[in-house]
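Input: a single structure, listed below in structure tokens.
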Amino acid sequence: MEETRIHFVGDELVAGYGDARALGWTGRVMARTRGLDAIATTLAVPGETTAQLAERWGPEVARRSVHPGANRLVIGVGVADVLAGVSAARSRLALANILDKAASEHRSCLVVGPPPLWHADPDATAALSHALGEVCSRRGIPFVETFESLRNHEQWASDVQRHDGRYPGQAGYGLLAWLVLHRGWYEWLGVGQPTH
């Protein structure tokens, strides 16, 4: 069986910042993934925009990849573009560049969209999420939409409010992990979903 590596790239949410259990959503997702012998690496840069991610991910992921083998890329997009005033069109282009480069390297991708965080404009975050979803849809890439799913979720809201609206805690990361796991994760990996 070929070796599999899963590389998570993105901002501080990919790193699980603020989670007292230090798992974040990536750790929770990997803990629920059975039937796949994979090495997972988390390559996060706090506050990183999509354009900055597009510039740096290639060399960082390349040196952690395995050949021959399966190298998968999970792109977690936060609200850095919104906070920096980056247009949805620019974000769309940056993600398209990442996905196209990954495709040229035969890397299977999955994208996790930005969740609602109260220090970022909700309309701009919604527009960002929609733009990213369009890019993925055009390329047949799985996209995990989190903004609308969590926008009016009471547990998410109370958890984020405990952290000045800037990031979730344990409950919030659990919700993000649930969304990833139930919106195409197992299908993307080609493994069965745990029954318990």
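Heads up: take any position in the sequence shown, counting from 1, add 396, and you land on this note's numbering.
Every residue, glycine too, gets a C-beta built ideally from N, C-alpha and C.
No experiment lies behind these values; they were computed from the predicted model shown.
### Query
Who pairs with Leu-469 in a beta bridge, going by DSSP?
Per DSSP, His-403 and Cys-505.
#### Entry: For Ala-598, the residue or residues it bridges with in DSSP
Nothing can be reported for residue 598, as the shown portion of the chain is limited to 397 through 592.
### Message
Here's a check: name, in chain order, each residue in its chain whose Cβ is nearer than 7 Å to the Cβ of Ser-525, leaving out the five neighbours to either side.
### Response
Gly-509, Pro-510, Glu-541 and Phe-543
### Query
What alpha helix (DSSP H) runs, 4 residues minimum, are completely inside the region 506-560?
Listed in chain order, the complete alpha helix (DSSP H) runs (minimum 4 residues) inside the region 506-560 are 518-535, 543-547 and 550-557.
### Task
Can you grab the Cα-Cα spacing for the pair Cys-532 / Leu-479, in whole Å?
22 Å
### Task
Would you identify the three-state DSSP class for Ala-498, choosing helix, strand or coil?
Three-state result, Ala-498: helix.
### Task
Could you give the DSSP three-state label for Ala-434: helix, strand or coil?
strand
### Task
Consult DSSP for Leu-585 and reduce its assignment to one of helix, strand or coil.
helix
### Query
Exposed or buried, which one is Val-487 when buried takes at least 16 other CB atoms within 10 Å?
A small fix is needed here, since residue 487 is Ser in this sequence, not Val. Under this definition Ser-487 is a buried residue.
### Query
Mind checking Gly-536: buried by the 16 CB within 10 Å criterion, or exposed?
Counting Cβ neighbours within 10 Å, Gly-536 comes out exposed, since fewer than 16 surround it.
### Query
Apart from the five residues on each side of it in sequence, which residues of its chain come closer than 7 Å, Cβ to Cβ, to Thr-438?
Phe-404, Val-410, Ala-411 and Thr-422
### Query
When the Cα atoms are used, what is the spatial distance from Arg-547 to Ala-553?
8 Å
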